[in-house]
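*Asks:* Number 49 in the numbering used here belongs to position 44 of the sequence shown; there are no gaps in the numbering.
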Amino acid sequence: MGLDLAISSTLAALPPPVIVFNKSHSGSRLLAALLRGQGIFMGSVLNESLDALPFLPLVEHLVLNYYPDFQPLWRRATLPEPVQTLLAAALDAHLATHPPGAPWGWKLCETGYILPLLAALFPKARYLHLIRDGRDVAFCDHVAPEQPFWRKIYFGADTMQSWRGMSLTQAAYERRSYLYNARHWQESVRVGRAFGAMLGSAYREVRYEALCADLPAEGRKLMEWLGLPTDEAALAALAARVDPSSIGKHRRYKRSWQRAVQGVVEPTLLACGYDCAPLPPGPGDRLAALAQRFRRRLARQVHG
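1) Could you pull out every unbroken alpha helix (DSSP H) segment of at least 4 residues lying fully inside the segment 83-108, listed in chain order?
2) Report yes if the CB atom of histidine 99 is closer than 8 Å to the CB atom of serine 31, and no otherwise.
3) Tell whether a beta-carbon distance below 8 Å holds between leucine 35 and leucine 216.
4) DSSP on histidine 134, reduced to helix/strand/coil?
5) Is it true that the CB of cysteine 145 sits closer than 8 Å to the CB of phenylalanine 26?
6) In terms of DSSP beta bridges, what is glycine 110 paired with?
7) Let me know if valine 307 comes out buried or exposed under the rule of 16 or more other beta-carbons within 10 Å of its beta-carbon.
8) According to the neighbour-count rule (16 or more other Cβ atoms, all chains shown, within 10 Å of its Cβ), is leucine 63 buried or exposed?
9) Under the rule that 16 or more other beta-carbon atoms within 10 Å means buried, what is glutamate 348, buried or exposed?
10) Write down the C-beta distance between leucine 69 and phenylalanine 160 rounded to the nearest angstrom, noting that I regard them as a contact closer than 8 Å.
11) Does the separation of the CB atoms of leucine 126 and serine 33 fall below 8 Å?
12) Measuring straight from C-alpha to C-alpha, what distance separates arginine 246 and serine 29?
13) Can you give me the start and stop residues for the beta strand (DSSP E) that glutamate 210 sits inside?
14) May I ask whether a heavy atom of the ligand ATP can be found less than 7 Å away from the beta carbon of leucine 51?
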């Protein structure tokens with residue numbers, strides 16, 4: 006794939022990156038902190054969640070103009086100029102304080118949607134897909150799918166006007182954010198796993214729950230997989246700050262909300278190996294069932 010000489014030179018001088026992606030609010034800050042504590046440079050311009058902000062314009066452009074079909078890029082001898090310009094700007098800003106020769110990478114949730122291009126640009130990169138129980142993620146609000154970019158992130162198409170009879174506005178999102186978040190999680194995990202499967206041994210899934218349960222053990226396995234030494238003191242220091250209290254948070258919400266979320270994410274949860282037993286009925290469910298039986302009985306009486 007043809008690239009500007011300056012970009013080619015930059016890439017040739019760098020070791021292969023470690024690229025982290027996930028559904029937003031899945032706990033990826035913990036994974037990014039783990040990698041950074043192990044000496045992997047994760048960026049010069051980061052937000053509080055340790056997202057690499059310089060890559061966001063590149064991701065947005067590629068998602069809006071190419072995802073989910075990257076074939077137009079492969080038909081060209083060189084990358085389009087706008088893509089090269091955004092890539093060069095992202096690398097320049099991200100690597101502004103990068104120590105020469107140090108291992109590097111970045112974390113940006115929506116990076117998973119552009120993996121086909123990244124695999125072409127960085128053929129020896131390693132890819133970490135952080136996955137967290139979608140039922141918990143559903144109760145972590147993010148952003149409504151109002152804009153074309155977010156509609157593609159949620160649904161794979163920016164022409165969507167509604168979903169399940171609900172509009173894609175901020176007001177509709179605020180009324181049932183847990184349902185929209187569940188759909189967002191389902192799509193993000195599906196895309197990440199589908200693209201990741203094409204990367205073979207360069208792709209690895211990391212469970213947020215496993216990180217919280219035993220961060221030192223998970224950290225050692227990750228560093229071994231990356232072929233890098235482990236800093237045990239840094240792992241221990243980070244493990245002391247881990248707060249697992251949000252695991253299972255979905256159980257604190259209304260049973261009807263939990264059931265609605267599970268109806269969206271259940272196939273993907275099971276595919277990822279999560280326990281997804283049917284929810285026992287709660288008091289509200291029993292009242293709803295009684296009301297439904299009463300309505301049916303009344304309807305039979307009315308219609309003879």
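Glycine included, each C-beta is placed from N, C-alpha and C at the ideal position. Since the model is a prediction, treat every value here as computed from it, not as a measurement.
*Replies:* Quick answer:
1) 86-99
2) no
3) yes
4) strand
5) no
6) Val23
7) exposed
8) buried
9) There is no way to answer for residue 348, as the model of the chain reaches only from 6 to 309.
10) Contact flag wrong, Cβ pair sits at about 14 Å.
11) no
12) 21 Å
13) 208-212
14) For the structure depicted, the ligand ATP is absent and the ligand set is empty, with no information on it obtainable.
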